[in-house]
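J.: In my numbering, the protein residues as written are 21 to 72.
Okay, handing you the structure first.
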């Protein structure tokens with residue numbers, strides 16, 4: 021997928037920060053559940069990319 025380590029690290033950091041921001045901004049309504057789910061998925065993708 022991404023072979024340049026610097027680009028991949030930047031993308032991973034961006035995905036983890038975006039996921040954390042979505043989790044932080046979540047409310048108690050249904051939109052909050054969606055934001056938390058999206059945040060967790062984005063962070064999981066970032067973590068999985070870091071380990072490749």
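We put the beta carbon where it would ideally sit given N, CA and C, even for glycine.
Residue 63: buried (16+ other C-beta within 10 angstroms of its C-beta) or exposed?
T.: Residue 63 is buried by the Cβ-count criterion.
J.: Below 8 Å between beta carbons: does that hold for residue 45 and residue 35?
T.: No, the Cβ-Cβ distance between residue 45 and residue 35 is not below 8 Å.
J.: Identify, in the order they occur along the chain, each residue of the same chain with its Cβ nearer than 8 Å to the Cβ of residue 61, setting aside the five sequence neighbours on each side.
T.: Result list for residue 61: 39, in chain order.
J.: Taking the straight line between their C-alpha atoms, what separation do you get for residue 48 and residue 68?
T.: So the alpha carbons of these two residues sit roughly 28 Å apart.
J.: Are there 16 or more other CB atoms within 10 angstroms of the CB of residue 37, so buried, or fewer, so exposed?
T.: Residue 37 should be labelled exposed.
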